[in-house]
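Number of protein chains: 2
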Amino acid sequence: MQSAQASTEEPLYSIGAVERDTGLTKDTLRVWERRYGFPTPVRDANGERVYSREQVAKLRTLKRLLDRGHRPGRIIGRSLAELVALADAAPAAAPEPVLAEAPARILALLREHRVAELREELGQSLMRQGLAGFVTETVAPLNRAVGDAWMRGQIEVFEEHLYTETMQGVLRGAIASIPQHGRPPRVLLTTLPNEQHHLGLLMAQAMFTLEGATAISLGTQTPIFDIVLAAASHRADVVALSFSSAYPTVQVADGLEELRAKLPRAVELWAGGTNAGLRRRDLTGVRICDTLEAIAPALAEWRAAAAAA
Amino acid sequence: MQSAQASTEEPLYSIGAVERDTGLTKDTLRVWERRYGFPTPVRDANGERVYSREQVAKLRTLKRLLDRGHRPGRIIGRSLAELVALADAAPAAAPEPVLAEAPARILALLREHRVAELREELGQSLMRQGLAGFVTETVAPLNRAVGDAWMRGQIEVFEEHLYTETMQGVLRGAIASIPQHGRPPRVLLTTLPNEQHHLGLLMAQAMFTLEGATAISLGTQTPIFDIVLAAASHRADVVALSFSSAYPTVQVADGLEELRAKLPRAVELWAGGTNAGLRRRDLTGVRICDTLEAIAPALAEWRAAAAAA
DNA sequence: CGAGGCATTTTGTCCTGGGCAAATCTCAAT
DNA sequence: ATTGAGATTTGCCCAGGACAAAATGCCTCG
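Order-wise, the sequence lines are chains Y and E.
So this note's numbering is basically just the index in the first sequence, starting at one, shifted up by 709.
So this note's numbering is basically just the index in the second sequence, starting at one, shifted up by 709.
Structure (structure tokens):
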């Protein structure tokens, strides 16, 4: 049943479809309409919102800009063309970062969708540098570079997904190939809820495992209550959390404090990652590992203390 | 500031958390409360719903029964024990009363937190059965078993995390060891936003790769628009999506329809997973792979068609 | 007794318009 | 420069009503 002028056949979207498509919740879509006068969906016979293709496109672009730190009130009035221009513009005065040779080559492969070569190149870097060198000198700069490129709009979402997925495969493969001795300390690795970034966790796991510690990873997003349970069940000596820069800065300290309070005294709490919140408040009872290189000395310290006791 | 009896401190869930955990939308949760008197969340200082662990467990079980065709009004009044009995009773064609020997042993290891042995046992099953057999006869039943145990509250969240993480390592290792020939079809694998389950995707990737296809995984949660972009960039012949039972049933058909409309005709769209929504509406232009075993014949068909053209 | 068509119930999604806390911004003061 | 208080922005949640699609029950007719 097409209407008489269905020839133009504009695809129309219900509010649920727009939610799926843009990642903006129904609540947000309604509240924007009320507050900012955009979007302006027409209504169907039943009074329900019907969004046009253009508006969905603009909403999608808006969502991307929000993810990069823009605020809706500031940009929602602009035209789609302006928004696209904004997305392309480099944010503020961030100079094009200079990359070492290998990371630059790898980034180029990612941009050109050469999956097999990308994986190959990563594998070669790994063999050349060893896992520790690979993690600190290739993976960490690459993560930065991919993140930067994403902020600049130079990289599509799916390219970033592909990067994460590929790197995850390489890192996991490397970690699995390290012989496990079951030596102390027993380190429980995870992230708090809403922290989805998996690569930081894997890098840390690699460093811990390389140093001969017994690393047990729960993956991302473990509720605090369950971290405490897990630490007890696995008789963990150390609980290590990773915080990416995408994680809300304020929640870092709160989460660590709460976890610290609920963990037994004897269990140490270590935190690391690129999040700025790790360097703010002084967190008593939490060891901050600013860089991946800080993991080895921290482990050495722990072992010295354990030997003394 | 802990309350006097903070030691018991049950974890509490907001309505948004319950939505994520159970796959029941906020609207549904509120309307059930209004109509059936269940769930009965307490309210926090701000008047917002706070759900207990037990109620979330019951809601999860209810969701599972709904997926099997039960209706909420008929079963919502029963106790969790009754619901579990109902879930166990006659799941039609698949009684599966006794877990095969290996999966049972593996589940026991998980419950006892013997990580090293768990990984070892999984590795041995893999070697014994080969990857295809491992995926269909060990991983798939194990996923079920873990899901069931979780639904009944027999397994902690962190145990489920550990299972997922460990299995992910094993599967990725196995996939990486398959030689890649770059043969067609080129298959792009991912899930839609809000679908976080990674194991289904990895199992599918294993099957595709085993059959000699070129599988490119974007990991989970790729927006529809970006799937379309990725399919073009990677010149995909097939886009394959995975839907776990936690994904809102109704959105399955909608999401697939929308993606189908935006993908070029020449690109096939395949979908699989445990979600009940895959068996509901007739989805034109989408190939449903009910089981992992269905992937091989589907590939064979595609190749036959490609050869004919 | 079975099949098909129609009425009724069930169920999930969408609606409006309001409220609140957390995040962010602004700007003065140290 | 940094900090801190106040103002603003923003997303999520609430209540309770309405409606359409799906499922079920009922009734008639062959």
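Backbone N, C-alpha and C fix where the C-beta goes; we use that ideal spot for every residue, glycine too.
By the rule that beta-carbons nearer than 7 Å mark a contact, E/Ala885 touches chain Y.
When E/Gly862, E/Leu911 and E/His779 are compared, the shortest CA-CA separation from E/Leu840 is found for E/Leu911.
Under the 8 Å Cβ criterion, the stretch 952–968 of chain E counts as touching the stretch 731–746 of chain E, having at least three qualifying pairs. Contact with chain Y is absent for E/Ser834, since none of that chain's Cβ atoms lies less than 7 Å from the residue's Cβ. The way I'd put it, the stretch 938–945 of chain E does touch the stretch 892–912 of chain E; three or more beta-carbon pairs between them come closer than 8 Å. A check of alpha carbon separations from Y/Leu972 across Y/Ala945, Y/Asn984, Y/Met836 and Y/Ser834 identifies Y/Ala945 as the nearest. Boundaries of the alpha helix (DSSP H) harbouring E/Arg729: Ile724 to Thr731, taken from the DSSP string. In this structure Y/Ala975 is exposed. Its beta-carbon is surrounded by fewer than 16 other beta-carbon atoms within 10 angstroms. Residues of chain E with a Cβ closer than 8 Å to the Cβ of Y/Glu874 are, in chain order, Ser926, Leu927 and Gly928.
Only those residues of the stretch 938–951 of chain E whose C-beta falls short of 8 Å from the nearest C-beta of chain Y are listed: Leu938, Ala939, Ser942 and His943. Sixteen is the threshold: since fewer than 16 other Cβ atoms of the shown chains lie within 10 Å of the Cβ of E/Glu1010, the residue is exposed. Under the 7 Å criterion on CB atoms, Y/Thr847 is classed as non-interfacial with respect to chain E.
Excluding sequence positions up to five before and after E/Arg814, its CB lies within less than 7 Å of the CB of Glu830, all in the same chain and listed in chain order. In this structure, Y/Arg752 lies away from Y/Pro720, with their beta-carbon atoms at least 7 Å apart.
Rounded to the nearest whole angstrom, the CA to CA distance from E/Ile933 to Y/Gln764 is 16 Å.
Among the bridge pairs identified by DSSP, E/Val948 is matched with E/Leu897 and E/Leu978.
For E/Arg881, the chain Y residues whose C-beta falls within less than 8 Å of its own C-beta are Gln877, Gly878, Arg881 and Gly882, listed in chain order. The beta-carbon of E/His870 is placed less than 7 Å from the nearest beta-carbon of chain Y. Any Cβ of chain E closer than 7 Å to the Cβ of Y/Asp776 would place that residue at the interface, and such an atom is absent. Residue nearest to E/Leu851 within the set E/Ala1013, E/Gly909 and E/Lys772 is E/Gly909 (criterion: CA-CA distance). Here the alpha carbons of E/Trp979 and E/Gly986 stand approximately 14 Å from one another.
Against chain E, the beta carbon of Y/Gln889 has neighbours under 8 Å at Ala825, listed in chain order.
Rounded to whole angstroms, the gap between the alpha carbons of Y/Trp741 and Y/Arg769 is 14 Å. Membership of E/Ile925 in the beta strand (DSSP E) is indicated by the continuous run Thr923 to Ser926. Per the coordinates, the alpha-carbon of E/Ile784 lies some 8 Å from the alpha-carbon of E/Leu792. E/Ala970 reaches chain Y at Pro720, counting residues in chain order whose Cβ is nearer than 9 Å. A distance below 6 Å between beta-carbons, with the five flanking residues on each side excluded, links E/His907 to the following residues of its chain, in chain order: Thr929.
Listed along the chain, the chain Y residues whose CB falls inside 8 Å of the CB of E/His822 are Ser942 and His943. For E/Asp935, the chain Y residues whose C-beta falls within less than 8 Å of its own C-beta are Glu865, Val866, Phe867 and His870, listed in chain order. Y/Glu810 and Y/Ala817 have their C-alpha atoms spaced approximately 11 Å apart. Interface criterion met: the Cβ of Y/Gly732 is under 7 Å from a Cβ in chain E. Taken in chain order, the unbroken stretches of alpha helix (DSSP H) that lie wholly in the stretch 831–895 of chain E and span 4 residues or more are 849–860 and 866–885. Distances from the alpha-carbon of E/Thr958 to those of E/Val727, E/Arg777 and E/Gln863 put E/Arg777 closest. Boundaries for E/Arg1012: no beta strand (DSSP E) harbours it, while the alpha helix (DSSP H) harbouring it runs Ile1004 to Ala1017, taken from the DSSP string. In this model, E/Leu819 and Y/Arg861 are separated by some 44 Å (Cα to Cα). Within the stretch 953–982 of chain Y, Ala970 and Lys971 place their CB atoms closer than 9 Å to a CB of chain E, listed in sequence order.
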